[in-house]
Amino acid sequence: MPKQPVFIARHEELPLKNSSTSLFLQIMVGIAVFLFAVTLSGVLSINTMLENWNNSILGSLTVQIMPSTNINPDKAVAETLAHQNKALDILRNLDFVEKAEPLTDKQLEQLIQPWLGDGIEIQDLPVPRIIDVKLKTGADVDFMDLAYKLAQATPMASVDNHKLWLNKLIQFADGIKILALSILALVIMITSGAIFYTTQTSLGLHKYTIEILHLMGAKDTYVAQQYAKQSAILALQGGLIGLIIAIPTIFGIASLAHQIEGGIISEAKLSVLDWSAIIALPAFASVIAMLTAYYTVKQTLQKLM
Amino acid sequence: MLNETNKSSAIIEMHNVGIRYGQGPEILSDVKLSLRKGSFHFLTGRSGAGKTSLLSMMYLAQKPSRGSVSVFGQNVNFANRDSLAMLRRKIGVVFQDFRLIDHLSAFDNVALPLRVCGMDEHEVRKRVMELLQWVELDRSIQSTPATLSGGEKQRVAIARAVINRPELLLADEPTGNVDNDIAPKLMKLFVELNKLGTTVVIATHSEKLITDFAYPRLHLQNHGLKVFAPTNSSLLGVRHA
């Protein structure tokens with residue numbers, strides 16, 4: 034009697050891994066995951082940026098003291114500072130104010146330096162004075178009442194609680210997020226569509242084998258599971274390649290963004306959780322591929338006897 | 003009507019069955035048939051008489067254009083896909099063109115019916131190795147069909163058909179390509195399976211096979227079906243088409 038082999042490798046009945054459609058599927062998923070990762074990193078960065086902005090202005094407000102219109106520069110400065118002191122007196126006596134500090138001449142110079150350049154003497158310019166106000170944690174502020182009290186003390190004071198410009202920024206950021214999410218939805222649809230047609234093509238290519246499997250008593254589920262398993266593996270492989278290319282791209286885009294201007298865009302950073310979501314994309318793509326392939330096979334085979 | 007026995011033990015029943023392809027004429031017309039459990043029949047008829055069509059209805063690859071077909075008591079006209087799959091698991095088929103999967107080894111081809119049923123791989127290996135040794139292909143277990151001779155392919159096909167001990171065995175020219183010394187051995191396998199309760203239908207052109215093994219004959223003629231007694235070719239029943 035011949036010697037029985039110790040190991041007999043089991044081969045898949047449907048050789049999907051080496052078929053012509055498998056490379057196409059891997060490339061499609063690789064591109065999809067790349068686009069998905071870059072877009073998702075953008076969306077998550079915007080979220081982080083908005084959160085940072087919100088946290089930084091939450092619990093603070095700015096009181097602006099308009100400069101006096103006195104034609105004597107020295108008197109004008111003195112009058113403006115007097116208005117500032119009146120506003121400070123009001124602010125420092127309010128229960129919900131933790132701290133109210135006027136910006137120094139140097140700080141004001143730094144603020145207008147980008148527009149007017151170096152070597153400015155702030156005393157010589159009719160620029161508003163600014164008081165930075167920190168509110169107590171959880172303070173419930175009636176901004177209308179505060180504005181009224183300040184106006185009573187000095188008509189030159191005005192209150193800015195930053196909500197107006199922040200709302201505009203949020204609207205802008207929301208627009209970008211919707212655009213990004215639309216791209217993500219499009220990427221998912223294109224990927225699913227590609228897997229659908231790849232699977233259908235593959236079913237046509239392997240029609241003979243599938244017929245034999247059916248004649249041996251295989252249920253549609255048996256065929257669908259093989260497609261689902263192998264599509265999941267192929268998508269995972271393609272997705273990992275897409276991710277490997279996407280990560281340096283994300284860092285590259287972030288680096289470019291920082292070089293543009295360190296003020297606003299530098300707030301756009303990805304947290305560990307954000308990175309976890311991006312790294313999980315190949316697995317997500319794999320699940321989509323698996324489900325799409327499974328249901329495509331089931332649906333297509335239903336049309337047969 | 004060909005009624006081998008009462009309905010309760012019928013494995014296959016056909017009533018007024020007709021088959022046509024597209025808009026063409028009927029290949030089979032008004033076929034009535036009832037095969038009892040444990041019976042053994044040869045299926046004969048000239049080329050184009052409809053043997054393959056009749057067999058394909060029996061192994062549930064095809065539904066009739068008209069009439070009704072019941073297999074294992076279940077009307078296949080109304081059976082869903084999963085039910086048909088479960089019925090097919092009770093049927094072993096030896097195809098004339100073998101229908102082996104080219105990229106799979108002889109071992110994997112024979113293992114197919116067991117694996118689609120979800121059998122434990124250890125048991126699969128045991129059964130397949132035993133059967134491949136029996137059909138003298140144990141030296142070719144890793145060979146793909148492309149490297150096997152016609153006779154070897156046929157033995158793989160036969161091993162695959164009987165590996166799950168089917169209740170119904172259908173064979174289309176099963177000994178057509180095998181050597182003269184192997185053919186009786188394979189027929190003996192079918193006979194042994196029949197003795198164990200398997201219903202067997204063998205389509206063949208071989209008069210020698212029909213005379214050597216004394217089993218009744220289903221004969222396709224003029225689009226209809228007749229049955230002849232085993233030994234003296236006497237007519238048992240006629241369907242008048």
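As you go down the protein sequences, you meet chains A and B in turn.
Residues 34 to 338 in my numbering are what the first sequence spells out, letter by letter.
Residues 3 to 243 in my numbering are what the second sequence spells out, letter by letter.
Quick reminder that beta carbons are idealized off the backbone N, C-alpha and C, glycines included.
Predicted, not measured: the structure shown is a model, and the values here were computed from it.
Could you name the residues of the segment 241 to 260 of chain A whose beta carbon sits closer than 9 Å to any beta carbon of chain B, in the order they occur along the chain?
TYR241, THR242, GLU244, ILE245, LEU246, HIS247, LEU248, MET249, GLY250, ALA251, LYS252, ASP253, THR254, TYR255
Give, in chain order, every unbroken run of the beta strand (DSSP E) that is at least 3 residues long and sits entirely within the segment 177 to 228 of chain B.
201 to 205, 219 to 223
Please check if any C-beta of chain B sits within less than 9 Å of the C-beta of LEU236 (chain A).
no
Are the Cβ atoms of TYR245 (chain B) and ILE93 (chain B) separated by less than 9 Å?
The first residue shown for chain B is 3 and the last is 243, placing residue 245 (chain B) beyond what the model contains.
How long is the line joining the alpha carbons of LEU150 (chain B) and ALA108 (chain B), rounded to whole angstroms?
9 Å
DSSP beta-bridge partners for ARG320 (chain B)?
The first residue shown for chain B is 3 and the last is 243, placing residue 320 (chain B) beyond what the model contains.
Quick check: is the beta carbon of GLN335 (chain A) nearer than 9 Å to any beta carbon in chain B?
yes
Are the beta-carbon atoms belonging to THR201 (chain B) and PHE42 (chain B) less than 9 Å from one another?
yes
For VAL118 (chain B), go through chain A and note every residue whose CB falls closer than 7 Å to its CB, in chain order.
The contacting residues are LEU246, MET249, GLY250, ALA251, TYR255.
Identify the continuous beta strand (DSSP E) that holds LYS119 (chain A) and give its terminal residues.
Run containing LYS119 (chain A): none in the beta strand (DSSP E); it sits in the alpha helix (DSSP H), 106 to 125.
Should LYS128 (chain B) go down as buried or exposed, given a rule of 16 or more other Cβ atoms within 10 Å for buried?
Of the other Cβ atoms in all chains shown, fewer than 16 fall within 10 Å of the Cβ of LYS128 (chain B); this residue is therefore exposed.
Between which two residues does the beta strand (DSSP E) harbouring GLY69 (chain B) extend?
Here the beta strand (DSSP E) through GLY69 (chain B) covers 68 to 73.
Report yes or no: is there a C-beta of chain B within less than 9 Å of the C-beta of PRO281 (chain A)?
no
Can you pull the chain B neighbours of PRO48 (chain A), defined as C-beta to C-beta under 8 Å?
HIS105
Using a Cβ-Cβ cut-off of 9 Å, state whether MET88 (chain B) counts as contacting chain A.
yes
On the premise that MET99 (chain A) lies in contact with MET189 (chain A), defined as a C-beta separation below 8 Å, what is that separation, rounded to the nearest angstrom?
5 Å
So, is the C-beta of ASP110 (chain B) closer than 9 Å to a C-beta in chain A?
By this cut-off, ASP110 (chain B) is an interface position.
Consult DSSP for ASN2 (chain B) and reduce its assignment to one of helix, strand or coil.
Absent from the model: residue 2 (chain B). The displayed extent of chain B is 3 to 243, so no value can be given.
Between VAL166 (chain A) and VAL76 (chain A), how many whole angstroms is the CB-CB distance? I'm expecting something under 8 Å.
The Cβ separation is near 33 Å, so there is no contact.
Could you tell me which residues DSSP puts in a beta bridge with GLU134 (chain A)?
A:ASP165
Residues of the segment 69 to 101 of chain B in Cβ contact with chain A at a cutoff of 9 Å, in chain order, please.
ARG83, ASP84, LEU86, ALA87, MET88, LEU89, ARG90, ARG91, LYS92, ILE93, VAL95, PHE97, ARG101
Can you name the start and end residues of the beta strand (DSSP E) that PHE42 (chain B) belongs to?
First-last of the beta strand (DSSP E) with PHE42 (chain B): 42 to 46.
Applying a beta-carbon distance threshold of less than 8 Å, which residues of chain B neighbour HIS44 (chain A)?
HIS105, LEU106, SER107, ASP110
For LEU179 (chain A), which residues from the same chain have a beta carbon less than 7 Å from its beta carbon, with the 5 sequence-adjacent residues on both sides left out?
VAL192
Does the pairing of the segment 108 to 117 of chain B with the segment 129 to 142 of chain B give three or more beta-carbon distances under 8 Å?
yes
So if DSSP puts GLY20 (chain B) in a beta bridge, which residue, or which two residues, is it bridged to?
In the DSSP output, where bridge partners are listed per residue, GLY20 (chain B) has B:ARG68.
Using a Cβ cut-off of 9 Å (strictly closer), state whether ALA231 (chain B) contacts chain A.
No - not a single Cβ of chain A is within 9 Å of the one on ALA231 (chain B).
What alpha helix (DSSP H) runs, 4 residues minimum, are completely inside the segment 90 to 145 of chain B?
Taken in chain order, the complete alpha helix (DSSP H) segments of 4 or more residues contained in the segment 90 to 145 of chain B are 108 to 118, 123 to 136.
Which residue comes first and which comes last in the alpha helix (DSSP H) that contains ALA318 (chain A)?
Residues 314 to 334.
Using Cβ-Cβ distances below 9 Å, what residues of the segment 54 to 66 of chain B are close to chain A?
TYR61, LEU62, ALA63, GLN64, LYS65
For the segment 205 to 277 of chain A, list the alpha helix (DSSP H) runs that are entirely contained and at least 4 residues long, ordered along the chain.
240 to 248
Please report how far the alpha carbon of PRO106 (chain A) lies from the alpha carbon of GLU112 (chain A), in whole angstroms.
10 Å
Can you tell me where the beta strand (DSSP E) with TRP96 (chain A) in it begins and where it stops?
Correcting the residue type first, residue 96 (chain A) is Val in the shown sequence and not Trp. In the DSSP assignment, VAL96 (chain A) falls within the unbroken beta strand (DSSP E) covering 93 to 98.
Hey, is the segment 268 to 281 of chain A in contact with the segment 56 to 71 of chain A, meaning 3+ C-beta pairs nearer than 8 Å?
yes
Quick check on this structure: which residue in B:ARG162, B:LYS39, B:GLY52 has the alpha carbon closest to the alpha carbon of SER31 (chain B)?
B:GLY52
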